[in-house]
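Chemist: Just dropping this structure here.
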Amino acid sequence: MSERFDAVVIGLGPGGEVAAGRLLAAGKRVAVIERELIGGECGYWAFIPSKTLLRPTEARAAAGRVAGTGRPDIDWPALRDYRDYMIRHLDDTAQVDSYQKRGATVVRGGARLVGAGRVEVGGEVLEADHVIVATGSEAIRPPIDGLEQATVWANGRRPPWPTSPAGWW
Ligand SMILES: Cc1cc2nc3c(=O)[nH]c(=O)nc-3n(C[C@H](O)[C@H](O)[C@H](O)COP(=O)(O)OP(=O)(O)OC[C@H]3O[C@@H](n4cnc5c(N)ncnc54)[C@H](O)[C@@H]3O)c2cc1C
Numbered sequence: 000m001s002e003r004f005d006a007v008v009i010g011l012g013p014g015g016e017v018a019a020g021r022l023l024a025a026g027k028r029v030a031v032i033e034r035e036l037i038g039g040e041c042g043y044w045a046f047i048p049s050k051t052l053l054r055p056t057e058a059r060a061a062a063g064r065v066a067g068t069g070r071p072d073i074d075w076p077a078l079r080d081y082r083d084y085m086i087r088h089l090d091d092t093a094q095v096d097s098y099q100k101r102g103a104t105v106v107r108g109g110a111r112l113v114g115a116g117r118v119e120v121g122g123e124v125l126e127a128d129h130v131i132v133a134t135g136s137e138a139i140r141p142p143i144d145g146l147e148q149a150t151v152w153a154n155g156r157r158p159p160w161p162t163s164p165a166g167w168w
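See the structure below:
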């Protein structure tokens with residue numbers, strides 16, 4: 000027998016997280032489904048790590064343009080460690096706990112719609128009055144000669160999946 004919810008949210012990036020948080024705050028029976036990490040691209044591969052890495056180089060460049068200041072060194076191992084801290088070491092255990100404490104059913108896996116209000120994940124079917132699809136987006140590559148050969152880091156287009164932050168470099 001399938002489980003029934005007020006709402007099932009597929010994809011827990013910033014979009015899905017806002018939807019799920021508001022539904023839970025309103026006392027709804029909610030299931031959230033994520034195939035990778037709760038937080039989505041933003042928290043692990045996009046906004047947070049890129050800004051963590053860019054800000055020190057910005058500050059360094061700014062210092063170099065100001066009279067009477069030195070040019071600070073960049074301590075790469077320390078910066079890399081700080082990035083890993085900021086991306087939670089690719090660990091969403093605390094996010095899973097937080098959703099469970101708020102009453103959500105957390106399901107890990109790739110979901111697909113199998114009918115009106117019916118979502119299949121890992122061989123189980125969840126039924127809901129409402130299904131929110133918050134699965135992100137994918138960038139289109141413009142037709143520029145040679146671009147297909149380049150490694151592009153964009154939303155929905157990551158280089159081979161890193162199993163730990165250390166695998167990135
Ligand atoms: C390099 C980079 C830098 C960025 N910097 C910034 C910035 O500085 N400021 C800013 O505001 N934005 C930034 N962004 C954009 C930001 O990351 C996105 O706007 C945001 O992540 C979109 O959120 P989302 O919830 O729509 O999708 P996502 O974050 O992509 O989340 C979608 C989730 O759905 C899951 N999913 C997909 N399909 C399924 C399925 N079938 N079943 C279960 N789960 C599924 C995915 O695993 C993913 O976790 C940046 C993006 C990139 C790529």
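In numbering that gives the first Met the number 0, the protein residues as written are 0 to 168.
We put the beta carbon where it would ideally sit given N, CA and C, even for glycine.
Please determine if the region 24 to 36 and the region 96 to 108 are in contact, where contact requires at least 3 C-beta pairs separated by less than 8 Å.
Modeler: Enough Cβ pairs lie closer than 8 Å, so yes.
Chemist: Give the single residue among 154, 15, 46 and 40 whose Cα lies nearest to the Cα of residue 138.
Modeler: It is 154 whose Cα lies nearest to the Cα of residue 138.
Chemist: Which value, in whole angstroms, describes the spacing of the CA atoms of residue 127 and residue 95?
Modeler: Cα to Cα, residue 127 sits roughly 21 Å from residue 95.
Chemist: Does at least one heavy atom of ligand 1 sit under 7 Å from the Cβ of residue 13?
Modeler: Yes - ligand 1 has a heavy atom lying nearer than 7 Å to the Cβ of residue 13.
Chemist: Less than 7 Å between the CB of residue 152 and some heavy atom of ligand 1, yes or no?
Modeler: Flag set: Cβ of residue 152 near ligand 1.
Chemist: So, for residue 129: in the same chain, excluding its five sequence neighbours on each side, which residues have a beta-carbon less than 8 Å away from its beta-carbon?
Modeler: Excluding residues within five positions, the ones whose Cβ falls inside 8 Å are 5, 6, 7 and 116.
Chemist: By DSSP's criteria, residue 57 is part of a beta bridge. Which residues make up the other side?
Modeler: Note: residue 57 sits in no beta bridge, so no partner.
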